[in-house]
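One structure below.
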Amino acid sequence: MVGSNTFRLRLLQLYLPLAFYAVFLLFPFAWMLIVSFKPANDLLDTTINPFLLYGFTFDHYRYLFEETDFLRWTLNTFIVTVGATILSLVCSILIGYALGRLRFRGGNTMGVIIFLAYLVPPTLLFIPLAQVVTRFNLYGEYWSLIFTYPTFLIPFAGWLLMGYFRTIPIELEQAAMVDGATRLRAMWTIIMPLALPGILSAGIFCFTLGWNEFLYALVFMSTGTMKTMPVGVVSDLIRADVLFYGSLMAAGILGSVPVAIAYSFFVDHYISGLTAGATKG
Amino acid sequence: MTDQRVDDLVREATRMRYSRRGIMKRASALGLSAAAANAAVIQSGKAAPKRGQAPSVRQNRTISILAGTYFVPEAQEFFDQQATEWGTQLGVTVQTDYINWPDIQARIAAAVEGGSGPDVIEMRDVWPNLYFENMVPVDDLANAVGESYGGYFDWVTSSVAVDGKWFSVPVGASSAAFAYRMSYFQEAGLADPKVFPATWDELFAIGANLKEMGKPLGQALGQSTGDPPGFAYAYMWANGAMEREEDGKTIAFNTPEFVEGMQKFVDAWPLAFDDTGLAWDDSANNRAFLSDQIAATINGSSIYIEAQKAKRGASTADYEVVVDPADIWHATLPAGPSGPFVQLGSWSYAAMTYSPEQEAALEFITWWTERDHFVPWLEAQQGYIIPMGPGLTDLEVFTGDPALAPYATVAEIARNKGYAGPADQKAAQVSSLYIITNTFAEAIQSGDAQAAIENGAAQLQRIYGR
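Chains as they are written, first to last, in the numbering used here: chain D, 474 to 754; chain P, 1258 to 1723.
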C-alpha cells in the first residue's frame, strides 16, 4: 500500500489518513498557539473566525513572565523531572536487565507484577505516599517528587527495557563473559550501547510523564515558590471563576517546548526503542 | 507520681508531635485524671487560647496557611499583610499558600494521611464534615465569633458545624444572585428595570423575548462546583423538592411539583436560554455576560466587580469587558411554587490536629476573626464574600452600592446542600457526583423531565438510603 505507484491510491490510503491524523494531533497545539497570541478583545468575539488571528499580542506571555513565577516553576519542574528521570532510568535498567536476561524462579511473575504496579492510579497511591513523604520530612522539597515520581515511571520503563534487553542476542554477552568480563562489565560495555535506543525512549517517556505530572506535585510540593509548572499555572491563573485563558494557553505552549525538543532529537531512537521486540518471538 | 507521668507524657507528646486530642487519648490510656491530662495539654502548648485572651509569645514558630486563590487579588494581598502583621507581633513566621480551590481537597487528603501539612486550612462548604476528625475542636472560639457577629445564618451552621460541634470557624462565603442587564430586560418587556421577574415563570417568559433579541439567559449546567449547583439546587427547592427529608434518609426529590417545574424549565431552555450552557463551567457565564453574549446569569458578584474594574482601566481579565457596570443590576433568585431559595455553603478556617503548631494556628484564627481584623478583610473582598451572620450585613461594603444589596440579602433565603438534612458526608458525596446538576442536564438532553428526576432520585436513594 505504502509503496503503491498509483498516486490516487497513495493519496487515499496514505496521505489523506496521515493528514487527518496530523491535524487531529496538532489541533490542540494550534489552538493553544492561536489563543495565546490573540488580543483580549478577540478572545470572546463570536463574530470572527475563532481559528484565525485578526490581531497579534504578546500580552498573555508578558503577564505570564511578569505577574507570575513562571520561570521559577519551570526551573522547579526541570530539576524534579531530570532527577526523577535519572533515578527511574537507573532502576529501570537494572530491573529490565534482570528480568530480561537472568533466569530465576518467579522472574516472569515479577515482571507482570511490576507492570501491574503501573496500573495503580496515582489518585490511590498518593495517600500512602503522603505518609512516606512525611516520615522522611520531604514536604515542599524537590526530593519529595524525585522519590515519588519513580513509582509510576519505573514500572513502565522497566517493562519497556525488559522487552528491549530480550531483543539483544545473548551470545554477545556470553562471548564477552567467555573473554573474562564480569556480568556487570559485559552489561556495561556490550549490552548498554546496544540498548541505547531503548534507554533513550524510556528516558523520554519518563521525562514527559514527570514534566506533565500534576497530582503528586500538588500535594507534595506546592508551597510558596516551590511549585512545578502545571501546579503553578493552575494556582495563579485561575482565580475563583475567572480563568486567564490567554496566559494558560501561553503556559501550555511554553510547557510543551522542552518535551517537543526532547522528542525531536531522539525520535528515531524512540521509535526503534518502542517497537523493539514487537516482531521477535 | 502523677507529676512524673505528666512530665513523661509532655516529653512524649513533644517528641511524637501529638495533637491536643492525641494527648488526651494518651492520657486516658495511661490512666491519668482529667486534671492531669489538661495539665499535659497546657504544658505541651496545645491548649486553645480563649477569645480576647492575650496570645502566648513563644519565638521561632512557623505556621502555614492554605487557602483558595482569591478572586479579588487585593484581598489576597491584604490577607498576606494581616498574616505578616500578626506574625511580626508574636514572632511567628507565617507562610500563606494559595491554590485553585478545588485542588485544596487533594492537599487536605494527603496532609491528614501523612500527618503533616498546612497548619491552618480554609475549608469550603461541606468539607468540615469530611475532615473533622483531623480538625482541632473550636467550640468556644466558634461560638464566641458567632455571638460577636449576631449569630450564624442557619445555612452556615448546617454546612460547617458537625453534629452540633465546631471544628472550624465560619467566615462567610461567596454569594449567588442573578446578574442582569437592565437595558436588555427593559427592552424585553420588564416595566421597572430594577425589579426583576418575581417568579421563574415570569423570567422564562421574558427570557424568550431576550433570546429573540439575541441576548438570551445564560445558565451554566456543566459539572462545575459553583454556578451550576447554584441554580439547580435553588430551582429544585423552589419547585417543592429537596434531596431528602429531615430524617436524612427519605428522598423527597421525585415530587409532582418538581416534575412540573422541571418540564417548564426543559420547555424554556431552547426558547429562553443560551443553548451552549450545558457545557459551561463556572467561568464561562462570566465571559459570556461580560462580552455581551447573554443578558442575565446566576453568579457571584465577580461579574459586577470585573465590569467596574474594566471601567476604571484595571481589568485583570484576559478578554475585553464590554459591559458598562451601570447597566448591571442584581436580584435574588425568583420564586417557584414553594418560594425563592438560594444554595450557599460557608467557608471556614480550621487548625489541623496533625500540626505541631496548633496553639499558634488557633491564636491566628482567634486574632483574625476579631472585628478589628475580620471586618477590614471582609471589606477588602469588595462584596464578593458575604458574612456568616446577620450582624455584619449592614457594613458599607454591602449597603453602599445598592446594586450589590441582593448578595447579602440572599443569605436570608439560603439553604445548605443536603437540605433538609445537614450538609454531611452524604450530601458532600451527592454534590461531588453532581447528581442534582446532572438531573437538569439530563432532562434538557432527553426532554423527559419525569425520567431524569426518577433517575436522580434513584441515585440519591443509593447514597442517602444506606
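By construction, the Cβ of each residue, glycine as well, lies at the ideal position given by its N, Cα and C atoms.
For the segment 1333-1358 of chain P, the residues whose beta carbon sits under 8 Å from a beta carbon of chain D are, in order, 1352, 1354, 1355, 1356, 1357, 1358. Contact check for residue 570(D) against residue 660(D) passes: the beta carbons are separated by less than 8 Å. Boundaries cannot be given for residue 1691(P), as no beta strand (DSSP E) includes it and DSSP labels it neither H nor E.
Contact between residue 1495(P) and residue 1595(P) is confirmed by a C-beta separation of about 6 Å, below the 8 Å threshold.
Taking 3 residues as the shortest admissible run, the segment 1570-1647 of chain P contains the following complete beta strand (DSSP E) segments, listed from N- to C-terminal end: 1585-1588, 1604-1608.
Here residue 1571(P) is exposed, its C-beta having fewer than 16 other C-beta atoms within 10 Å.
For residue 1464(P), the enclosing alpha helix (DSSP H) begins and ends at 1457-1469. Contact holds between the segment 1481-1488 of chain P and the segment 1551-1567 of chain P, because three or more Cβ pairs, one in each stretch, are under 8 Å apart. Looking from the CA of residue 1437(P), the closest CA among 1663(P), 1261(P), 1425(P), 1394(P) belongs to 1663(P).
Inter-residue distance for residue 1297(P) and residue 1280(P) is about 7 Å (C-alpha atoms, whole angstroms). Taking the C-beta atoms as reference points, residue 1580(P) is found no nearer than 8 Å to residue 1592(P). For residue 695(D), a Cβ of chain P is located within less than 8 Å of the residue's own Cβ.
When 9 Å is used as the limit between beta carbons, residue 1327(P) is near these residues of chain D: 712, 713, in chain order.
Interface flag for residue 1397(P) against chain D is unset, since no Cβ pair is found closer than 8 Å. In this structure, the alpha-carbon of residue 1642(P) lies about 24 Å from that of residue 1363(P).
Under the three-state reduction of DSSP output, residue 1317(P) falls in the coil class, being neither helix nor strand. Within the segment 669-749 of chain D, the runs of alpha helix (DSSP H) at least 4 residues long that lie entirely inside it are, in chain order, 669-685, 688-693, 702-710, 718-748. Remark: C-beta atoms of residue 1678(P) and residue 1684(P) approach each other more closely than 8 Å. Residue-level contact check: residue 514(D) touches chain P, since one or more beta carbons of chain P fall below 8 Å from its beta carbon. Within the segment 593-617 of chain D, contact with chain P at the beta-carbon level (separation under 7 Å) is assigned to 599, 600, 603, 604, 606, 607, 612.
Between residue 1420(P) and the set 1387(P), 1265(P), 1268(P), the nearest pair of CA atoms involves 1387(P). By the criterion of a C-beta distance shorter than 6 Å, residue 1399(P) is surrounded in its chain by 1423, 1426, once the five residues flanking it on both sides are discounted. In the three-state reduction of the DSSP assignment, residue 1723(P) falls in the coil class, being assigned neither a helical nor a strand state. In chain order, 1591, 1592 place their CB closer than 6 Å to the CB of residue 1456(P), counting only its own chain and leaving out the 5 sequence neighbours on each side.
For residue 1545(P) and residue 667(D), the gap between their C-alpha atoms comes out near 58 Å.
For residue 721(D), the CB contacts under 6 Å within the same chain, skipping 5 residues up- and downstream, are 710 in chain order. Cβ contact annotation for residue 728(D) (same chain, cutoff 6 Å, sequence separation greater than five): 702, in chain order.
In the three-state reduction of the DSSP assignment, residue 584(D) falls in the helix class, which pools H, G and I. The C-alpha of residue 1432(P) lies about 15 Å from the C-alpha of residue 1597(P). Counting only runs of at least 4 residues, the segment 1508-1532 of chain P fully encloses the following alpha helix (DSSP H) elements, listed from N- to C-terminal order: 1513-1529. About 5 Å separates the beta carbon of residue 1599(P) from that of residue 1667(P), a gap short enough to meet the 8 Å contact definition.
Collapsing the DSSP output to three states places residue 1345(P) in a helix. In this structure, DSSP gives residue 639(D) a helical state, which the three-state scheme calls helix. Looking at 594(D), 590(D), 559(D), the one whose alpha-carbon comes closest to that of residue 689(D) is 594(D). Within a 10 Å sphere around the beta-carbon of residue 724(D) sit 16 or more other beta-carbons, which makes this residue buried. If you ignore the 5 residues before and after residue 1464(P), its C-beta comes within less than 6 Å of the C-beta of 1474, 1529, all in its own chain and listed in chain order.
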